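Numbering-wise (our numbering), the sequence shown opens with residue 27 and increments by one. Glycine included, every Cβ here is placed at the ideal spot set by N, Cα and C. Just so you know, these numbers come straight off a predicted model, no measurement behind them. Written out below as structure tokens is the structure these notes cover.
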Amino acid sequence: MSDGNGIRKLESVVRLKKTMGDYFTRLRQAAESPGRRVAWCSSVGPVELLYAMDFEVYFPENHAAMIGVSKKAAEYIPITNAYGYSPDVCSYLTSDIGAFLKQQTPLAKMGLESVPKPDVLVYNTNQCREVADWFNFYAKHFNVPIMGISTPLNVAEVSQSLVRYISLQFQELVPKLEPVTAEKFDPDKFKNTVRLSKETCALWRKVLATAKHHPSPINFFDACIHMGPIVVMRGTRYALDYYKVLLAELETRIKNNAAAVASEKYRLYWEGMPIWFKLSTMAKLFDRLQTCIAASTYCSSWIFDDLDPENPFDSSALAYTKLFIVRSENVKQKILEKHLQEFSIDGIIYHDAKTCPRNSNNQHGLQVRLYEKTDVPYLEIDGDFNDSRCYSEEQSVIAIETFIDQLAMRK
Ligand code: SF4
């Protein structure tokens, strides 16, 4: 399937649209039905627990990324700034709250007039503290309970005592959530949800690992679109079923030597967040440059191998603390070294997202140390995931083209 610009779209995109469309329909129905409950969750929050307790689960970050893709964030951010949120804080937060205050949402296309009203908001600060600030705005607005897991950052070793500390916080959520659902927590349901999540993560890992093949059947831009179910539906059959379909298509592509990028010549690693408002422009740019972005930190961040249905609380604590974004610079470097080697990477692009230092790993010398260790060259791009005012397309395109020329000289 070609989009008319020579970019070959995955056929599974049809199934993806249906899977995501059905998810939003379930959310709408839950929001409209007095007997159902909606929980809002941060993107690497305790979603398995929420699905096990019969919530429909909504993710403000997914909504904010949709705002980014719709290119309307710059319209919404100043509205939130006027409420005292700095232009320097997370542009997911500022664009999402701004859209809410303006009573607009990209979910209108899915039949939702507004974001589904929460019955409870649940976060984990494993990714950043901003999710707590963000969710607190809505907890106050809707006058509903908010609760969270507090995870330390810059973690070198995920020790047993740390896992215990986080696991207890997971367990303490249960008696706080029960009055919201009016149902007793069922340990077997939780085990089953963790099992589904683990199996889905394993499939998502396989999907991303197909990019080790030369040429790669998938690139970063495809993965950014197809990661929707792993973010919002892990722990459900819907996501599991979807990734079986996607993986089968990618395996067929490998058999047929069909590439995501026509005439793949160079293979890059993307470090940092996507530039949502330039996703398709960038896909076309890299296709023209015969360059496949074969792997990324961002898309790999939703693989939770350590989940264990037989030990659901402790293993959730372990899985959600071992996450790349939680770890120390040394651990991050080792993870990146492994990725570079496994995916035969020629160069790295660091996206320095101005409103998310947590996801911009070129600010404390990691890029230099990694280069000294691996000799894999790198390029740093200033930008942002949602705030287009932080990004210069002209400068970035010139820098990327020059970088690819330099890679050509090294080959
Ligand atoms: S990790 Fe970054 S982009 Fe995500 S919510 Fe936190 S500050 Fe925003």
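Check                                                                                                                    : Outcome
For I351, the three-state DSSP class (helix, strand or coil)                                                             : helix
Reduced DSSP category for L294 - H, G, I as helix; E, B as strand; rest coil                                             : strand
Burial state of T262 (16 or more Cβ within 10 Å)                                                                         : buried
Cutoff 7 angstroms; reference M259; Cβ partners in own chain excluding five residues on either side                      : Y49 and A265
Reference N26; option with closest CA among A321, I329, V394 and A379                                                    : Missing from the structure shown is residue 26; the chain here goes from 27 to 437 and no further.
Residue closest to P383, alpha-carbon to alpha-carbon, out of D332, F411 and G110                                        : F411
Three CB pairs or more closer than 8 angstroms across the region 107-115 and the region 85-97                            : no
Nonlocal neighbours in the same chain, by C-beta distance under 8 angstroms from N31, ignoring five residues either side : Note that N31 has pLDDT 49, beneath the 50 cutoff, so the model's placement of it is unreliable and the number below is only indicative. For N31, where only same-chain residues beyond five positions count, the Cβ hits under 8 angstroms are K310 and D313.
Residue of S327, E101 and I319 minimising C-alpha distance to I375                                                       : I319
Whole-angstrom distance between H240 and L315, CA atom to CA atom                                                        : 16 angstroms
M330 vs S185 beta-carbon contact at 8 angstroms                                                                          : At residue 330 the sequence reads Phe, which differs from the Met that was named. Not in contact: F330 and S185 (Cβ atoms no closer than 8 angstroms).
S242 versus Q359: straight-line alpha-carbon distance, rounded                                                           : 24 angstroms
Check: Q153 C-beta below 7 angstroms from any heavy atom of ligand 1                                                     : yes
Of the listed residues P142, D401 and L179, nearest to L450 (C-alpha basis)                                              : In the structure as shown, the chain begins at 27 and stops at 437. Residue 450 is therefore absent and cannot be evaluated.
L405, DSSP secondary structure in three states                                                                           : strand
Simplified DSSP state of G32, which is helix, strand or coil                                                             : Only weak support exists for where G32 lies, its pLDDT of 49 falling under 50; the value from the coordinates is given anyway. Coil at G32, not helix or strand.
Start-to-end residues for the alpha helix (DSSP H) that takes in D431                                                    : E419 to R436
C-alpha gap between P178 and C154, whole angstroms                                                                       : 9 angstroms
Three-state secondary structure assigned by DSSP to D378                                                                 : strand
Three-state class that DSSP yields for S370 in the structure shown                                                       : coil
Distance between S386 and R436 (C-alpha atoms, nearest Å)                                                                : 27 angstroms
Any non-hydrogen atom of ligand 1 within 7 angstroms of N180 CB                                                          : no
Contact test: N385 Cβ vs ligand 1 heavy atom, cutoff 7 angstroms                                                         : yes
For N88, the three-state DSSP class (helix, strand or coil)                                                              : helix
CA nearest to the CA of S414, picked from S121, T45, A65 and F85                                                         : S121
Check: L344 C-beta below 7 angstroms from any heavy atom of ligand 1                                                     : no
Complete runs of the alpha helix (DSSP H) confined to the region 285-348 [at least 4 residues]                           : 305-314, 323-326 and 338-347
Backbone secondary structure at G47 - three-state DSSP                                                                   : helix
Euclidean distance between Cα positions of D214 and I280                                                                 : 39 angstroms
Residues bridged to M173 [DSSP beta-bridge criterion]                                                                    : V148
Host alpha helix (DSSP H) of V64 (start-end)                                                                             : Element bounds for V64: not the alpha helix (DSSP H) but the beta strand (DSSP E), V64 to C67.
E420 classed as buried or exposed, judged by whether at least 16 other C-beta atoms fall within 10 angstroms             : exposed
Neighbour-count burial assignment, H14, 16 or more Cβ in a 10 Å radius                                                   : This structure does not reach residue 14, given that the chain is present from 27 up to 437, and the question cannot be answered.
Contact check, F81 vs A57, beta carbons under 8 angstroms                                                                : no
Residue span of the alpha helix (DSSP H) that contains I192, given as start and end                                      : Q186 to T207
Backbone secondary structure at V83 - three-state DSSP                                                                   : strand
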